[in-house]
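Taking it in order: structure first as structure tokens, then the write-up.
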Amino acid sequence: MTMWMVWMMLLGAVPPTPTVGSDVGTVNTELLVGTATSASGRLRVEVRSSGTSLRRGVQRFHVRVTEVASGKPMSRGTLSVQPWMPAMGHGISETPRITERGPGDFEVAELDLFMPGAWELRFTLKDTVEDTAVVAFKLGR
């Protein structure tokens, strides 16, 4: 195990994993930021970063929302997110840009996480009912 892997595990993340890109024959490296089950237990939220490390500054995340029971993507749903820094009692003033890429597949961009430390992504998920989920992670300098 490399020092990089140990460091990432201490930060609460895992090493980048290859995923199939949108173009045939390409491979993207995404870092698993975290996962959470919604408050109702019905949905699972997975957050990945296209970068190889999480550092303060503007972030872009890939968010997948699936049904816990079936593993299928959330269909016909909407997503909103509030980045929050619990230790400081505040979030960010800008509204993140959310783009739906397909059923249960979202890009969350323009998140200016300006301070290193512990952050939460507080999600509100709406399909037939409203639900919430929180993904916590640590941001480096």
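Each residue of the sequence shown is one higher than the last, beginning at 0 in numbering that gives the first Met the number 0. Quick reminder that beta carbons are idealized off the backbone N, C-alpha and C, glycines included.
Cβ-Cβ separation, residue j to residue i (assumed contact under 8 Å), whole Å
i	j	result
Leu53	Phe136	7 Å
Val67	Gly40	6 Å
Start-to-end residues for the beta strand (DSSP E) that takes in residue i
i	result
Asp143	In the structure as shown, the chain begins at 0 and stops at 140. Residue 143 is therefore absent and cannot be evaluated.
Phe105	Asp104 to Leu112
Beta-carbon spacing of residue i, residue j below 9 Å
i	j	result
Pro115	Arg140	yes
Val91	Pro82	Correcting the residue type first, residue 91 is Ile in the shown sequence and not Val. Yes, these two residues count as a Cβ contact at 9 Å.
Thr98	Glu106	yes
Arg59	Phe113	no
Val57	Leu110	yes
Lys71	Gly103	yes
Contact set for residue i: own chain, Cβ-Cβ below 8 Å, skip 5 residues either direction
i	result
Leu124	Ser37, Leu42, Val44, Val64, Met73, Gly76, Thr77, Leu78, Asp130, Thr131 and Ala132
Val134	Val32, Gly33, Thr34, Ala35, Val44, Val46, Glu119, Leu120 and Phe122
Asp22	Confidence at Asp22 is low in this model, with a pLDDT of 45, below 50, so its placement is unreliable and no value can be given for it.
His89	Trp83
Thr127	none
Residues near residue i by beta carbon distance below 6 Å, same chain, minus five either side
i	result
Val80	Pro95, Val107, Leu120 and Phe122
Short CB-CB distance (under 9 Å) between residue i and chain C
i	result
Thr123	You won't find chain C in this structure, because it holds only one protein chain.
| message | Please give me, in chain order, every unbroken run of the beta strand (DSSP E) with length at least 3 that falls completely inside the segment 39-98. | response | Listed in chain order, they are 42-48, 56-66 and 77-84.
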